[in-house]
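S.K.: Here you go, one structure.
2 protein chains.
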Amino acid sequence: MKPRWTPARVGDALHEVDTPALILDLDRFEANLERLMRSSTVRGMRVRPHAKSHKCIEIARRQMEAGAVGICCQKVSEAEIFLAGGIDDVLVTNEIIGKRKVTALASLAVRYPKAKIGVCVDDVRQVRQLATACRALAAELDIYIELDVGHGRAGVPDTPAVVDLAREIKLHKCLRLRGLQAYYGSAQHRRSVRERRQAITAAAGLAGAARDGLLAEGLTCDIVTGGGTGTFPYETGSGVYNEVQPGSYVLMDIDYGKNEFDPIAPAFEPALYIIASVMSARGDRVTLDAGLKAFSTDSGPAMPAFEGWQVRGVSDEHTVLIRVGSDGPALALGDKPLLIPGHIDPTINLHDVIVVSRNDVVIDLWPIEARGALF
Amino acid sequence: MKPRWTPARVGDALHEVDTPALILDLDRFEANLERLMRSSTVRGMRVRPHAKSHKCIEIARRQMEAGAVGICCQKVSEAEIFLAGGIDDVLVTNEIIGKRKVTALASLAVRYPKAKIGVCVDDVRQVRQLATACRALAAELDIYIELDVGHGRAGVPDTPAVVDLAREIKLHKCLRLRGLQAYYGSAQHRRSVRERRQAITAAAGLAGAARDGLLAEGLTCDIVTGGGTGTFPYETGSGVYNEVQPGSYVLMDIDYGKNEFDPIAPAFEPALYIIASVMSARGDRVTLDAGLKAFSTDSGPAMPAFEGWQVRGVSDEHTVLIRVGSDGPALALGDKPLLIPGHIDPTINLHDVIVVSRNDVVIDLWPIEARGALF
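What follows is the structure, encoded as structure tokens:
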């Protein structure tokens, strides 16, 4: 799928890039990639980065080359895109329901027989639908039971429910019980190290009990997986988890930047920007040509990547900046300042391509193939 | 551009639609379309609906068939898509700057010589860039001077600045001065009728003075255009404006629904929904498979289109609903409830297709051709 409007060509200087567009700083990106894989906080762990953050096959490939065992995604349509892109181990860290979705996932197992394809369940009806689809297509899938370790969003509530669901899975030869999905989403952005650590200590207690419950019944639990950019060092240190799923680490955003830094963790740096043009200027107020359709505001607006200016307002296609001090650049009509996204996942999902730069020169364009893969 | 994953086929019942997806209720849509065009609140006015809301050629075509003089859009790349779709009068209600954008717009005037193509300016440098591009391509463009009537986002501040800019435009034969863009964006969602009416009275005063200033200098001002879904009856009643630009009226959303209703205005009803599946259910808590990538939350989350349930949380791919009373439906795993978007413009921009329904049956699929047209 070729983007219809390409914001840049290889060799362009950054100030030649059409706006608004996503700019990836390749030096920072590569540093983040290395920092994770070399960190003692993932030592001995399987690392399965979450591709819902970036939705980009090239980034997933680089994560695999750096040592990831596979990727996570959230949607069957995302799994399809990454499998087609050559990623051969994809876990859908989410429940799916309905004939169309379960059939689509089972079909992927047929189409990519050498790939590992997994999905989560938290209800016997999901298991039965998956089994019916797999039997019809002679497909097999890896199954992870999602345990609710605190978020209250999905997952079975306790060890007896895990064991019950595992027994149901074992009834179906086409479904391979692999272990537990024990991701604590809402813990990722708890600001203090203490809160994040406490949350994961509690999660690991629940996950460990569920794993022990499965093993005590002679059931399988090879993998306990979970952990995001905000907490993975604590999953690693728990003695329970053996796989972590950080996603945002490789690009970062304002929201993760607000977390209290834990010195045991790698120091990831923002590697993704939005470039926008000053399309109207009135002294200490400038209006940029990037708004709600160029970045999401659920975790606050994108922020200037420089001093002296603040966001006064964001509307569909505009962001108004006002000068708040004598530091920082003068901004004039036609200038192209950089912003840092508030929350990368829904921001990247608004764009068709990432403009990749090194030393302020465009060196590549990476399509965001899974942009809009909602299904 | 064909969507890669189609959520429905014509003839499907709504409960067969893959989720999450946009559902348009065609009866309501048609009623909104008629209500606007038949309303006394647009009598004698040129109606130029804003296509930034829907980004869909089929909707623009229906607006033209219903009597619109043309459409508005915000981006050159949107203008390109609507012109290619057969809409022959497109006003970019926004400033553009930079060689690439001005050249792209001038090229459209060459490619569509019978179309009317307009753009806004608020700075002499935009005018000169546009003139240079038009001269190079032997193209002509319609030019509207944007006047800041209160929003403080773009536009020149006062009548002398309007006159100065008009004199500059007149120097360039390839640029046709058409009039004033006098849109008061931030007035659209002032909740009380009194506030909205006051804001537009003030705006019309400024626009009228600017128009008179142009005419007194022998300069052109055939069109004074502005007004959105929240205020267009007041622009119509002002005696100054002769064109209005409502966009959201045809689909509506939660945010516009919160405005105090003015009995002089047409009673538009929500016509666009998000259909989502219950992918996890735990008693009085259900989790839907639609989150920040299926609807925007800048004006609050999408809300259930039924009683008895409230949104407890929204994350990238999930919305958690909790039961808040005995009214309303029971929701079970696999059910597909409808939500009403908080803000349609950035919500539609997340999807590739609108599933069109009548009496809960899918009767058409309309591509959202300008989805992601950021440039």
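If you're matching them up, the sequences are chains A and B in order. Under this note's numbering, read the first sequence as residues 1 to 375, first letter to last. Under this note's numbering, read the second sequence as residues 1001 to 1375, first letter to last. Even glycine gets a Cβ: it sits at the ideal position worked out from N, Cα and C.
#1: Who are the Cβ neighbours of Thr347 of chain A in its own chain at under 7 angstroms, not counting the five residues just before and after it?
#2: I'd like the ranges of any beta strand (DSSP E) spanning at least 3 consecutive residues and lying wholly in the stretch 1262 to 1302 of chain B.
#3: Using a Cβ-Cβ cut-off of less than 7 angstroms, list which residues of the stretch 1226 to 1256 of chain B approach chain A; keep chain order.
#4: Just the chain A side, please: which residues come within less than 8 angstroms of Ala1154 of chain B by C-beta, in chain order?
#5: Counting along the chain, where does the beta strand (DSSP E) carrying Asp1364 of chain B start and finish?
#6: Does Pro1113 of chain B come out as helix, strand or coil in the three-state DSSP assignment?
#7: Under the rule that 16 or more other beta-carbon atoms within 10 Å means buried, what is Thr1019 of chain B, buried or exposed?
#8: Specify the secondary structure class of Thr201 of chain A as computed by DSSP and reduced to three states.
#9: I'd like to know if Leu1374 of chain B contacts chain A, where contact means its C-beta is closer than 8 angstroms to some C-beta of that chain.
#10: Could you spell out where the alpha helix (DSSP H) holding Leu22 of chain A opens and where it closes?
#11: So that I know if they touch, is there some Cβ in chain A lying closer than 8 angstroms to that of Ala1294 of chain B?
#12: Span of the beta strand (DSSP E) holding Ile1095 of chain B?
#13: Any beta carbon of chain A sitting closer than 8 angstroms to that of Gln1074 of chain B?
#14: Just reading off the alpha helix (DSSP H) that Arg312 of chain A is part of, what are its end residues?
#15: Any idea if Arg1191 of chain B is buried or exposed, counting beta-carbon neighbours within 10 angstroms, 16 or more meaning buried?
#16: Considering only the alpha carbon of each residue, which of A:Ala154, A:Ala203, A:Arg111 and A:Glu146 lies closest to Cys134 of chain A?
#17: In this structure, does DSSP put Val224 of chain A in helix, strand or coil?
#18: Just checking: is the beta-carbon of Glu1260 of chain B within a distance shorter than 8 angstroms of some beta-carbon in chain A?
#19: Is the Cβ-Cβ distance between Gly1226 of chain B and Tyr1256 of chain B less than 8 angstroms?
#20: Under a Cβ-count criterion, where at least 16 other Cβ atoms within 10 Å of its own Cβ denotes burial, should Lys444 of chain A be classed as buried or exposed?
#21: For Leu171 of chain A, report the span of its beta strand (DSSP E) as first-last.
#22: Should Gly1300 of chain B and Ile1363 of chain B be called a contact, given that it needs their Cβ atoms to be closer than 8 angstroms?
#23: Considering only their Cβ atoms, is the gap separating Ser77 of chain A from Asp345 of chain A smaller than 8 angstroms?
#24: Drop a sphere of 10 angstroms on the beta-carbon of Glu1317 of chain B, count the other beta-carbons inside from all chains shown, and report buried for 16 or more, exposed for fewer.
#25: If the cut-off is 8 angstroms on Cβ atoms, which residues from the stretch 1094 to 1109 of chain B count as contacting chain A, listed in chain order?
#26: Does DSSP put Ala330 of chain A in a helix, a strand or coil?
#27: Using a beta-carbon distance cut-off of less than 8 angstroms, what residues from the stretch 1319 to 1336 of chain B approach chain A?
#28: Could you tell me whether the Cβ of Ser185 of chain A comes closer than 8 angstroms to any Cβ of chain B?
#29: With respect to the beta strand (DSSP E) encompassing Arg353 of chain A, which residues constitute its N-terminal and C-terminal limits?
#30: So, is His1015 of chain B buried or exposed, given that buried needs 16 or more other C-beta atoms within 10 angstroms?
#31: Spatial neighbours of Val361 of chain A within its chain, please: CB distance less than 8 angstroms, with the 5 preceding and 5 following residues excluded, ordered by chain position.
M.R.: Let me spell this out:
#1: Phe295, Ser296 and Pro341
#2: 1272 to 1275, 1278 to 1282 and 1285 to 1288
#3: none
#4: Met279, Ser280, Thr287 and His318
#5: Val1361 to Pro1367
#6: coil
#7: buried
#8: helix
#9: yes
#10: Per DSSP, Leu22 of chain A belongs to no alpha helix (DSSP H); it is in the beta strand (DSSP E), Ala21 to Asp25.
#11: yes
#12: Note that residue 1095 of chain B is Glu in the sequence shown, not Ile. Its beta strand (DSSP E) spans residues Asp1089 to Glu1095.
#13: yes
#14: Segment Trp309 to Ser315 is the beta strand (DSSP E) holding Arg312 of chain A; no alpha helix (DSSP H) there.
#15: exposed
#16: A:Arg111
#17: strand
#18: no
#19: no
#20: This structure cannot settle anything about residue 444 of chain A, because the visible part of chain A is limited to 1 through 375.
#21: Taken as a continuous stretch (DSSP letters only), Leu171 of chain A belongs to no beta strand (DSSP E), as it is neither H nor E.
#22: no
#23: no
#24: buried
#25: Asn1094, Glu1095, Ile1096, Ile1097, Gly1098, Arg1100 and Lys1101
#26: coil
#27: Val1320, Leu1333 and Gly1334
#28: A quick correction: the sequence has Gly, not Ser, at residue 185 of chain A. Closer than 8 angstroms: yes.
#29: Reading the sequence as shown, one finds Val at residue 353 of chain A and not Arg. It spans Val353 to Arg358 - the beta strand (DSSP E) in which Val353 of chain A sits, taken as one unbroken run.
#30: exposed
#31: Gly11, Asp12, Ala13 and Leu14
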